[in-house]
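In our numbering, the protein residues as written are -6 to 205.
C-beta: ideal position from N, C-alpha, C; glycine also.
This one's a predicted model, so the numbers in the text were calculated from it and none came from an experiment.
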Amino acid sequence: MIAIGEIAIIVFIGLFLFSLFVVALAFYSIKRGRFYFPRVLQAGLVVSEGFVKAICKFFSLDDKELTAFFIRLHNAMTKSAFAAVPSNKRAIFVPQCLRHSACPANLTPEGLVCRRCGRCEIGAHIDELEDMGYMVWIAPGSTLIKRMVAKYQPEAVIGVGCLVEVKEGLEMLDKAGLIGMAVLTLKDGCVETIMNWNDLFEVAREGLPKPD
-6 MIAIGEIAII VFIGLFLFSL FVVALAFYSI KRGRFYFPRV LQAGLVVSEG
44 FVKAICKFFS LDDKELTAFF IRLHNAMTKS AFAAVPSNKR AIFVPQCLRH
94 SACPANLTPE GLVCRRCGRC EIGAHIDELE DMGYMVWIAP GSTLIKRMVA
144 KYQPEAVIGV GCLVEVKEGL EMLDKAGLIG MAVLTLKDGC VETIMNWNDL
194 FEVAREGLPK PD
């Protein structure tokens, strides 16, 4: 029993030190504006997430900034694989919170169906993305994403949302063995949130011919 206890303490200390290294490396990368040892960072942020959050809290560091960094890192490391997937095998899920508060869209088993009323920008952008070959859904929640992925079997997915939603979505896609990319909204909330659509189109055009 003593030996088991000593091993447990050694493992705990090892994980803590590794997490401390990951946090330091991540914030140094953020400060320098580049990724250092990206594979170590990605694995470390996943494996020791609990320790990482505890360390951030202890040192009063912004764990939201760390989460945003993790998402940028994930995008950077997935970019090449995503670019290799044809657009007709890609899906985009935009959150229903982007719509206008007076949105007349109907909720169906495949999400909200935009009526192109012009109250928000979603309709026009969906048309453009679908013209590029994408499957696009306005998602009221993660359940719809799982259902549409199972039904239509895209090989790559772009998820739009706030920090927490996007992080959970990427983890879900990783577990499902799908290529995932993410675009963050500029404001959190449940109603009339906003995003930079240019950010979405920049990701969506990866690997596709440049428009004339």
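- Per DSSP, the beta-bridge partners of P88 are A132.
- Around the CB of R92, 16 or more other CB atoms lie within 10 Å, so the residue is classed as buried.
- Taking the Cα positions, I115 is about 11 Å away from C96.
- Rounded to the nearest angstrom, the Cβ distance from H67 to L179 is 19 Å, too far for a contact under 8 Å.
- Look at M174 here: in three-state DSSP terms it is strand.
- Between L34 and R27, the alpha-carbon positions lie close to 12 Å from each other.
- A contact is defined here as three or more CB-CB pairs under 8 Å, and the region 159 to 173 fails this definition with respect to the region 182 to 190.
- R65 and R83 have their C-alpha atoms some 19 Å from each other.
- Taking C-beta atoms as the reference points, V157 and L171 fail to come closer than 7 Å.
- Around the beta carbon of G154, a 10 Å sphere encloses 16 or more other beta carbons of the protein chains shown; the residue is thus reported as buried.
- For R140, the three-state secondary structure derived from DSSP is helix.
- Excluding its 5 nearest sequence neighbours in each direction, G104 has C-beta neighbours in its own chain below 6 Å: W130, I131, A132, L137, listed in chain order.
- Cβ-Cβ distances below 7 Å link T71 to I172, G173, M174 in the same chain, with the five nearest sequence neighbours on each side left out; the list follows chain order.
- Pairing V184 with R112, the inter-Cα distance amounts to about 13 Å.
- Residue range 190 to 197 is occupied by the alpha helix (DSSP H) that includes A197.
- Classified as exposed, T101 has fewer than 16 neighbouring CB atoms from the shown chains inside 10 Å of its CB.
- Put simply, the backbone Cα of A69 is about 13 Å away from that of E195.
- G200 sits close to A76, with the two beta carbons spaced by under 7 Å.
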